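Participant:
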Amino acid sequence: MAEHFPQPVQQQLYSLNLGPQHPSTHGVLRVLLTLDGEYILKADPIIGYGHRGHEKMGENRTYLQFMPNSSRMDYLSGLLYNHGFCLAVEKLAGIDPPERAKYIRVICAELNRISSHLLWFGTFLMDLGAFTPFLYCFDDRENILDILDRVSGSRLTYSYCRFGGVARDVDEVFIDQTRAFIKRLRSRWPDYHNLVTKNIIFIHRVRDVGIIDKDLARRFGVTGPNLRAAGVPFDMRKVEPYEVYDRFDFEIPTGTKGDALDRYRVRLEEMEQSCRIIEQALDQLPGGAYRQERVRLKLTPPRGDVYFAFESARGQTAYYLVSDGSPYPYRVHVRVPSFGNLHCLTEVLRETLVADTIAILGSIDIVVPEIDR
Amino acid sequence: MGYWKDIVLGGWSLIEGMKVTGRALFKPVVTVQYPRKRLEMSPAYRGHIEFKIFPETGTHGCIACGTCQRVCPSNVIKVQGVKAHARSGKIATHYVIDFTRCSLCGLCVESCPTQTLKFSTEFELAGDSRWDGVVDLVLRMEESRS
């Protein structure tokens, strides 16, 4: 692209640090850009500014004590991380939670996925310069936070799942609130589409921008909505159904090109699919115990290791746990989706404009504390 | 052709957007004027922990067993107790929690064998120093009763 412009007499390249404290980098991410005028020749994402040592902390805490840490790794979808960690430990220790607990977990996890996508929707558009949708999204997201606050007692760092169940039972009010929320969210879609999807400025900013195709996605290990936007229907909930996801009827939305507009569409459609899962789960919600008795607080799983992958809001997330038979895990490792999603930036950003950097960075939905765990 | 089409389409999407924004003018506001108006707290709200007072004894039921102390992931609880006489169980004399480092996971409440811990619904917490976050629950309970 750059060769279409007349070459300057003396070519001057310069570096620009985007971040680490820029609001549109969504956390402490630094992207070192080498620029030729407005064009990017090279982009290096530099991470590690917020390292907190969660994996190491896992080694000197019991399995249950690590639960609050798991929701702090990704602060936008804490419950999904709780859920995944819980399932990993249950697989390691051979615990089978009651049916009701499985359904409650799925409902809450999907609610959390919607809330994460709603926040992405708001911040992405704010990166592009639109402020109104941000407020609309936070209004909707507030409803989810109220529902989850009522059931788990916290608005952001839930730590709601327990080995063999959930911490608290849900009641009729929860079911009514959730149904009302889904109805409300569906009534908001026309607004969102009129305000954003049909907006010509938005389309011009995101169409054919930041194309992550199948090949690139495969090379960098891109997962989640970013991979699905490239046209690969890969979703851990369908590929390796965990929990009770195989009992629900839902689709995996895919894009065609893998540009920012496709990623936007896929996430919007995913919220609708999550709504469908929640509705079906609420209809099928069985009675009975919400938590298995006789699971000790100081759980001692047998020796061995387990790798458990699940679908968080940003893609395939996995826990790798090694147990030496003591109450403390020998090793905790987390495979985070944002790492692969972020690092394809080096390829994607080449020969694009600085303004597109913000659009691309926003559209791939990274959470930096998840990478710097 | 493209130029005029862009202007017409751009104008139309502007009008569509303004319609959505305009409708919001006539909807009730979603924000709350906080100090004057308050929202109802969630019954499950996890604030800092407090002693439950049992009506039959008129006091807490903490036996200073130290389960909460051991289960706490952040190591912020210190509990001490004494035996009234040789054969009796312990009764807590000091229950100190450093709330500034608490991660509000609620494991202490879940693990308590006598179920004497509960979450308070206080959320407007402020202090001048770090020591303001360090509370002795036994002292606090006695102050609230007197």
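Just so you know, the protein sequences line up as chains A and B, in that order.
Start counting the first sequence at 1; every next residue gets the next number (my numbering).
Start counting the second sequence at 374; every next residue gets the next number (my numbering).
All C-beta atoms in this analysis are idealised placements derived from N, C-alpha and C, irrespective of residue type, glycine included.
Quick caveat: nothing in here was measured; it's all calculated off a predicted structure.
Give the residues of chain A in contact with valine 449 (chain B), contact being defined as C-beta atoms less than 9 Å apart.
Facilitator: For this step, residue 449 (chain B) is matched to residue 76 along the second sequence. Within chain A, no residue comes near valine 449 (chain B); the closest Cβ sits about 12 Å away, beyond 9 Å.
Participant: Given that a residue counts as buried once 16 or more other Cβ atoms are within 10 Å of its Cβ, and exposed if not, what is serine 70 (chain A)?
Facilitator: For this step, residue 70 (chain A) is matched to residue 70 along the first sequence. Buried, because 16 or more other Cβ atoms sit within 10 Å of the Cβ of serine 70 (chain A).
Participant: For chain B, find out if any of its Cβ atoms is closer than 7 Å to the Cβ of arginine 186 (chain A); answer yes or no.
Facilitator: Here residue 186 (chain A) corresponds to residue number 186 of the first sequence, with the count starting at 1. Judged by the 7 Å Cβ criterion, arginine 186 (chain A) is not in contact with chain B.
Participant: Which residues, in order along the region 177-204 of chain A, keep a beta-carbon less than 7 Å from a beta-carbon of chain B?
Facilitator: Listed in sequence order: Asp191, Asn194, Leu195, Lys198, Asn199, Ile200.
Participant: Could you tell me the boundaries of the alpha helix (DSSP H) in which tyrosine 81 (chain A) lies?
Facilitator: In the first sequence, the residue the question calls residue 81 (chain A) occupies position 81. Here the alpha helix (DSSP H) through tyrosine 81 (chain A) covers 78-93.
Participant: If we ignore side chains and look at the alpha-carbon of each, how far apart do glycine 454 (chain B) and leucine 498 (chain B) end up?
Facilitator: Residue mapping note: residue 454 (chain B) aligns to position 81 of the second sequence, counting from 1. Residue mapping note: residue 498 (chain B) aligns to position 125 of the second sequence, counting from 1. Going from the Cα of glycine 454 (chain B) to the Cα of leucine 498 (chain B) covers about 28 Å.
Participant: Using DSSP with H/G/I as helix, E/B as strand and the rest coil, what is isoleucine 436 (chain B)?
Facilitator: Stepping through the second sequence from its first residue, residue 436 (chain B) is reached at position 63. Looking at isoleucine 436 (chain B) - three-state DSSP - the assignment turns out to be coil, as it is neither helix nor strand.
Participant: For alanine 43 (chain A), name the three-state secondary structure that DSSP assigns.
Facilitator: For this step, residue 43 (chain A) is matched to residue 43 along the first sequence. Correct three-state label for alanine 43 (chain A): strand.
Participant: Per DSSP, which one or two residues make a beta bridge with histidine 467 (chain B)?
Facilitator: What you label residue 467 (chain B) is simply residue 94 of the second sequence in a count that begins at 1. Per DSSP, B:Gln453.
Participant: Please return the same chain residues whose Cβ sits closer than 7 Å to the Cβ of asparagine 270 (chain A), not counting the five positions on each side in sequence.
Facilitator: Your numbering for residue 270 (chain A) matches position 270 in the first sequence. First, the residue type needs correcting, since residue 270 (chain A) is glutamate and not asparagine in the sequence shown. Here the set comprises His117, Pro225, Pro253.
Participant: How would you list, in chain order, the residues of chain B whose beta-carbon sits under 7 Å from the beta-carbon of leucine 297 (chain A)?
Facilitator: To locate residue 297 (chain A), count along the first sequence from 1; it is residue 297. By Cβ distance, chain B contributes Val444, Ser484.
Participant: Which residues bound the alpha helix (DSSP H) around threonine 178 (chain A)?
Facilitator: In the first sequence, residue 178 (chain A) corresponds to position 178, counting from 1. That run of the alpha helix (DSSP H) goes 172-192.
Participant: Quick check: what's the CA-CA separation for serine 312 (chain A) versus tyrosine 158 (chain A)?
Facilitator: Counting from one through the first sequence, the residue named residue 312 (chain A) turns up at place 312. Counting from one through the first sequence, the residue named residue 158 (chain A) turns up at place 158. The alpha-carbon atoms of serine 312 (chain A) and tyrosine 158 (chain A) are separated by roughly 15 Å.
Participant: Would alanine 230 (chain A) and glycine 165 (chain A) be called neighbours here (beta carbons separated by less than 7 Å)?
Facilitator: Taking the first sequence and counting its residues from 1, the one referred to as residue 230 (chain A) is at position 230. Taking the first sequence and counting its residues from 1, the one referred to as residue 165 (chain A) is at position 165. Result no, Cβ atoms of alanine 230 (chain A) and glycine 165 (chain A) do not sit closer than 7 Å.
Participant: Check the Cβ of arginine 61 (chain A) against every Cβ in chain B and list those closer than 9 Å, keeping chain order.
Facilitator: Stepping through the first sequence from its first residue, residue 61 (chain A) is reached at position 61. Simply Pro446.
Participant: If you measure from the CB of arginine 518 (chain B), is any heavy atom of the ligand HEM nearer than 6 Å?
Facilitator: Ligands are entirely absent from the displayed structure, and the ligand HEM is therefore not among its contents.
Participant: Run through DSSP, which three-state label would phenylalanine 496 (chain B) get?
Facilitator: Residue 496 (chain B) sits at position 123 when you count from the first residue of the second sequence. Coil.
Participant: I'd like to confirm the pairing. Which residues does DSSP put opposite arginine 30 (chain A) in its beta bridges?
Facilitator: Stepping through the first sequence from its first residue, residue 30 (chain A) is reached at position 30. Beta-bridge pairing links arginine 30 (chain A) to A:Ile46.
Participant: Can you name, in chain order, every residue of its own chain whose Cβ lies under 7 Å from the Cβ of asparagine 82 (chain A), other than the five neighbours on each side?
Facilitator: Residue numbering aside, residue 82 (chain A) sits at position 82 when the first sequence is read from its first letter. Cβ within range, chain order: Met67, Ser70, Ser71, Tyr158, Ser159, Tyr160, Cys161.
Participant: Going along chain B, which residues have a C-beta under 8 Å from serine 159 (chain A)?
Facilitator: Locating residue 159 (chain A) in the first sequence gives position 159, counting from the first residue. The answer, in chain order, is Cys478, Gly479.
Participant: Check the Cβ of arginine 419 (chain B) against every Cβ in chain C and list those closer than 7 Å, keeping chain order.
Facilitator: Among the chains of the structure shown, chain C does not appear; the protein chains present are A and B.
Participant: Determine the DSSP secondary structure at proline 337 (chain A), reduced to helix, strand or coil.
Facilitator: Locating residue 337 (chain A) in the first sequence gives position 337, counting from the first residue. DSSP places proline 337 (chain A) in helix when its eight states are reduced to three.
Participant: Indicate whether at least one CB of chain A lies closer than 7 Å to the CB of valine 393 (chain B).
Facilitator: Taking the first residue of the second sequence as position 1, residue 393 (chain B) is located at position 20. At least one chain A Cβ lies under 7 Å of valine 393 (chain B).
Participant: Can you list the beta strand (DSSP E) stretches of 3 or more residues lying completely in the region 468-492 of chain B, in chain order?
Facilitator: Fully enclosed beta strand (DSSP E) runs of 3 or longer: 490-492.
Participant: Checking 7 Å against the spacing of the C-beta atoms, do alanine 437 (chain B) and alanine 457 (chain B) come in under that value?
Facilitator: The sequence position of residue 437 (chain B) within the second sequence is 64, counting from 1. The sequence position of residue 457 (chain B) within the second sequence is 84, counting from 1. No, Cβ-Cβ distance for alanine 437 (chain B) and alanine 457 (chain B) is not below 7 Å.
Participant: Can you look up glutamate 311 (chain A) in the DSSP assignment and give me helix, strand or coil?
Facilitator: Here residue 311 (chain A) is taken as the residue at index 311 of the first sequence, counted from 1. Correct three-state label for glutamate 311 (chain A): strand.
Participant: Is any beta-carbon of chain B found at less than 7 Å from that of glutamine 292 (chain A)?
Facilitator: Position 292 of the first sequence, counting from 1, holds the residue named residue 292 (chain A). It does not; no Cβ of chain B falls within 7 Å.
Participant: Pairs of beta-carbons, one from the region 75-91 of chain A and one from the region 317-325 of chain A, closer than 8 Å: are there three or more?
Facilitator: Yes: the two stretches touch, three or more of their Cβ pairs being nearer than 8 Å.
Participant: Let me see if you follow: with CB-CB separation under 7 Å, is tryptophan 382 (chain B) close to chain A or not?
Facilitator: Taking the first residue of the second sequence as position 1, residue 382 (chain B) is located at position 9. According to the sequence provided, residue 382 (chain B) is leucine. The question's tryptophan does not apply to it. Yes, because at least one Cβ of chain A sits closer than 7 Å to the Cβ of leucine 382 (chain B).
Participant: Which runs of the beta strand (DSSP E) at least 3 residues long sit entirely within the region 251-303 of chain A? Give them in chain order.
Facilitator: The qualifying runs do not exist here; there are none.
Participant: Who are the neighbours of serine 386 (chain B) on chain A, taking C-beta pairs under 8 Å?
Facilitator: Numbered from its first residue, the second sequence carries residue 386 (chain B) at position 13. Result: Lys198, Asn199, Ile200, Ile201.
Participant: Within the continuous beta strand (DSSP E) that includes aspartate 509 (chain B), where are the two ends?
Facilitator: Residue numbering aside, residue 509 (chain B) sits at position 136 when the second sequence is read from its first letter. Where aspartate 509 (chain B) is concerned, the enclosing beta strand (DSSP E) stretches over 507-509.
Participant: Can you tell me which of A:Tyr136, A:Ile144, A:Arg168 puts its alpha carbon nearest to the alpha carbon of valine 151 (chain A)?
Facilitator: In the first sequence, residue 151 (chain A) corresponds to position 151, counting from 1. Nearest C-alpha to valine 151 (chain A): A:Arg168.
Participant: Name the chain B residues that come within less than 7 Å of leucine 64 (chain A), Cβ to Cβ?
Facilitator: Your numbering for residue 64 (chain A) matches position 64 in the first sequence. Neighbours of leucine 64 (chain A) on chain B, chain order: Leu480.
Participant: When the Cβ atoms of the region 89-109 of chain A are set against those of the region 269-286 of chain A, are three or more pairs found closer than 8 Å?
Facilitator: Judged by Cβ distances under 8 Å, the region 89-109 of chain A makes contact with the region 269-286 of chain A, as three or more pairs qualify.
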